[in-house]
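J.: One structure is given below, represented as structure tokens, and several questions about it will come after.
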Amino acid sequence: MSDRSSIEWTEATWNPSTGCDRISAGCDHCYALTLAKRLKAMGSEKYQNDGDPRTSGPGFGLTIHPDSLDVPRRWRQPRVVFVNSMSDLFHARVPLDFVQQVVQTMRETPQHTYQVLTKRARRLRLLSERIEWPANVWVGTSVESADQLHRVDDLRRVRSAIRFLSLEPLLGPLGDLDLSGIGWVIVGGESGPHARQIDADWVRDIRDQCVEQGVPFFFKQWGGRTPKAGGRELDGRTWDAMPGLAAQIAI
Numbered sequence: 000m001s002d003r004s005s006i007e008w009t010e011a012t013w014n015p016s017t018g019c020d021r022i023s024a025g026c027d028h029c030y031a032l033t034l035a036k037r038l039k040a041m042g043s044e045k046y047q048n049d050g051d052p053r054t055s056g057p058g059f060g061l062t063i064h065p066d067s068l069d070v071p072r073r074w075r076q077p078r079v080v081f082v083n084s085m086s087d088l089f090h091a092r093v094p095l096d097f098v099q100q101v102v103q104t105m106r107e108t109p110q111h112t113y114q115v116l117t118k119r120a121r122r123l124r125l126l127s128e129r130i131e132w133p134a135n136v137w138v139g140t141s142v143e144s145a146d147q148l149h150r151v152d153d154l155r156r157v158r159s160a161i162r163f164l165s166l167e168p169l170l171g172p173l174g175d176l177d178l179s180g181i182g183w184v185i186v187g188g189e190s191g192p193h194a195r196q197i198d199a200d201w202v203r204d205i206r207d208q209c210v211e212q213g214v215p216f217f218f219k220q221w222g223g224r225t226p227k228a229g230g231r232e233l234d235g236r237t238w239d240a241m242p243g244l245a246a247q248i249a250i
């Protein structure tokens with residue numbers, strides 16, 4: 000948990016839960032799993048629970064942290080906050096009542112803008128029927144390949160102020176996208192020693208569809224051995240549009 004973040008599309012991170020389990024190819028080289036192992040070795044209190052070695056790892060067992068619920072209340076300046084950079088709020092072992100407590104914190108801190116991102120879009124959809132999303136919360140799902148596009152349909156049914164897609168790590172072409180009901184699209188390549196290569200044409204195709212459908216487009220990185228290795232430029236410029244800044248997506 001931190002009041003600063005190096006992630007290009009947010010300003011701070013808040014982890015009311017930590018740990019997760021792999022569920023699809025996009026999880027194969029998870030940065031959070033690697034970081035959790037390091038934090039466990041350093042003695043970090045929140046990363047001492049080990050997950051199932053088949054799907055998780057050292058320090059990465061799903062753990063909820065009720066003592067973290069008040070953290071955003073202590074931040075004096077408004078922030079854009081990525082919720083659970085080290086977990087997934089809609090993991091099957093996060094109880095609904097805890098999810099509701101997290102949402103209540105977000106409701107009671109309207110000075111912040113919260114970005115909730117999950118790969119578990121089906122559970123998100125089902126639980127959303129019992130959640131009243133505050134206006135300062137954006138809800139998104141990750142899609143790394145065409146066989147995961149069903150997550151977008153689940154997301155579309157969530158009644159949040161902004162629904163967004165994180166297409167990272169992008170592992171293949173996505174084909175024709177229906178972006179109705181989607182307010183923002185992020186694209187990024189994978190980083191790390193085993194990073195899988197992204198193709199520029201996959202990115203251009205998504206960008207062009209965002210422009211056609213009037214959806215803000217944000218290109219995070221090409222990736223490589225490190226997140227910054229390939230830079231962020233696409234066709235000679237950066238693409239940093241966010242909701243409320245739609246004019247920036249024009250080619």
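Here the sequence shown stands for residues 0 to 250, where the numbers follow numbering that gives the first Met the number 0. Built from N, CA and C at the ideal position, the CB exists for glycine as well. The structure displayed is predicted, hence computed values, not measured ones.
Give, in chain order, every unbroken run of the alpha helix (DSSP H) that is at least 4 residues long and sits entirely within the stretch 174 to 240.
T.: You should have 199 to 212.
J.: What residue range does the alpha helix (DSSP H) around R162 cover?
T.: Counting from one through the sequence shown, the residue named residue 162 turns up at place 163. Segment 161 to 166 is the beta strand (DSSP E) holding R162; no alpha helix (DSSP H) there.
J.: Going by other Cβ atoms of all chains shown within 10 Å of its Cβ, with 16 needed for buried, is P65 buried or exposed?
T.: By 1-based counting over the sequence shown, the position of residue 65 is 66. Per the 10 Å Cβ criterion, exposed.
J.: With a 10 Å radius around its C-beta and 16 neighbouring C-beta atoms as the bar for buried, classify D87 as buried or exposed.
T.: Position 88 of the sequence shown, counted from the first residue, corresponds to residue 87. That one is buried.
J.: Just curious, the alpha helix (DSSP H) that V98 is in, first and last residue?
T.: What you label residue 98 is simply residue 99 of the sequence shown in a count that begins at 1. Residues 95 to 106.
J.: Identify the continuous beta strand (DSSP E) that holds Y113 and give its terminal residues.
T.: Sequence index remark: in the sequence shown, residue 113 carries index 114 (1-based). Note, Y113: beta strand (DSSP E), 112 to 117.
J.: For A11, does the three-state DSSP call read helix, strand or coil?
T.: Numbered from its first residue, the sequence shown carries residue 11 at position 12. If DSSP states are grouped into helix, strand and coil, A11 belongs with the strands.
J.: Mind checking which residues open and close the beta strand (DSSP E) that includes T33?
T.: Taking the sequence shown and counting its residues from 1, one reaches residue 33 at position 34. Per DSSP, T33 belongs to no beta strand (DSSP E); it is in the alpha helix (DSSP H), 30 to 40.
J.: Report the CB separation of P172 from R224 in whole angstroms; it is logged as a contact under 8 Å.
T.: For the purposes of this step, residue 172 is taken as the residue at position 173 of the sequence shown. For the purposes of this step, residue 224 is taken as the residue at position 225 of the sequence shown. That belief does not hold up - the Cβ atoms of P172 and R224 are roughly 24 Å apart, past 8 Å.
J.: Does the distance from the C-beta atom of R155 to that of G180 stay below 7 Å?
T.: Your numbering for residue 155 matches position 156 in the sequence shown. Your numbering for residue 180 matches position 181 in the sequence shown. In contact: R155 and G180 (Cβ atoms closer than 7 Å).
J.: Identify which residue in W132, G222, Q103, R150 has its Cα closest to the Cα of I197.
T.: Here the question's residue 197 lines up with position 198 in the sequence shown. Of W132, G222, Q103, R150, the residue nearest in Cα terms is G222.
J.: Within its chain, find whatever has a CB closer than 7 Å to the CB of Q147; leave out the 5 residues flanking it on each side and keep chain order.
T.: Residue mapping note: residue 147 aligns to position 148 of the sequence shown, counting from 1. Excluding sequence neighbours, Q147 sits near S23.
J.: Would you call G25 buried or exposed, if buried means 16 or more other Cβ atoms sit within 10 Å of its Cβ?
T.: Taking the sequence shown and counting its residues from 1, the one referred to as residue 25 is at position 26. Flag for G25 reads buried.
J.: Identify every residue that forms a DSSP beta bridge with F81.
T.: Position 82 of the sequence shown holds residue 81. T12, Q114.
J.: Quickly, what does DSSP pair I63 with across the bridge? List them, please.
T.: Start at 1 with the first residue of the sequence shown, and residue 63 comes out as number 64. In the DSSP output, where bridge partners are listed per residue, I63 has S16.
J.: If P168 sits next to E143, beta carbons under 8 Å apart, how far is it from one beta carbon to the other, in whole angstroms?
T.: Counting from 1 along the sequence shown, the entry for residue 168 is found at position 169. Counting from 1 along the sequence shown, the entry for residue 143 is found at position 144. At roughly 6 Å, the Cβ-Cβ gap stays under 8 Å, so P168 and E143 are in contact.
J.: Use the C-beta contact count for D20: other C-beta atoms within 10 angstroms, 16 or more gives buried, fewer gives exposed.
T.: As a first step, residue 20 must be located in the sequence shown, where it is residue number 21. Flag for D20 reads buried.
J.: Return the chain-ordered list of same chain residues with a C-beta closer than 7 Å to the C-beta of P71, the five sequence neighbours on each side being excluded.
T.: For the purposes of this step, residue 71 is identified with residue 72 of the sequence shown, where counting begins at 1. Cβ within range, chain order: W13, V80, T104, T108, H111.
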